[in-house]
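The opening residue of the sequence shown carries number 1 in this note's numbering; numbering runs sequentially from there. A virtual CB, placed ideally from N, CA and C, is assigned to each residue, including glycine. This report concerns only the one structure given below.
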Amino acid sequence: MMIDRATKEQIAAILAMPQTPPYLKPVFEVVRDYGVGYLTLLQNGDGLEPDRLKSQNPMITVVGDDTNAALGPDAFDAATLKILTLRASCVAIISSEPVPNIYTLFSLMTGLLRANTLIIETRPEQEHAWVDYIRTLAPHTPVILSTSLPEAWET
1 MMIDRATKEQ
11 IAAILAMPQT
21 PPYLKPVFEV
31 VRDYGVGYLT
41 LLQNGDGLEP
51 DRLKSQNPMI
61 TVVGDDTNAA
71 LGPDAFDAAT
81 LKILTLRASC
91 VAIISSEPVP
101 NIYTLFSLMT
111 GLLRANTLII
121 ETRPEQEHAW
131 VDYIRTLAPH
141 TPVILSTSLP
151 EAWET
């Protein structure tokens, strides 16, 4: 789902839907109130036209690598993921339960600071792959890692 031209009424309808997770509400509120873009990137999906991703408006992107199985960066269109990663001012990799404060923080960064942000929702078995991907492609981009299994990093 890409929201870059939604009306305030359309965003209000999304916020009112019972299936909208509470932790995503700050994201949609910032889209509504500050005119930023929103993109959900799903596994094995088609890539997006590069020009569409180079908007002057800041964007919050949520990468959904936590569906039936976490597949890591290779499960996403390489060109699209690369553009979104290089545009991001900050990245969060969340393999734990959703952390509402991270979504709120990234919403504020995008809305108030006009920064592109990238939230990667994954599972513990793909943490290393995502961290390695970000470190390789954008080594100076700050990364917040929310994990539920600290022992996964003892190797």
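Relative to Pro139, the option among Lys25, Ala6, Val63, Leu86 whose CA is nearest is Leu86.
By the 16-neighbour rule on beta-carbons within 10 angstroms, Arg32 is buried.
As the crow flies, the alpha-carbon of Ala88 is around 10 Å from that of Ile134. Under the three-state reduction of DSSP output, Glu29 falls in the helix class. Annotated as proximal: Glu121 and Val62, with beta-carbon spacing under 8 Å. Here the region 89-99 does not lie against the region 42-49, with fewer than 3 beta-carbon pairs under 8 Å apart. Distance from the Cα of Thr80 is smallest, within the candidate group Asn101, Ser55, Leu48, Lys54, for Leu48. Annotation for Tyr103: no beta strand (DSSP E) segment contains it, though the alpha helix (DSSP H) segment containing it runs 100-112. For Ala92, the enclosing beta strand (DSSP E) begins and ends at 90-94.
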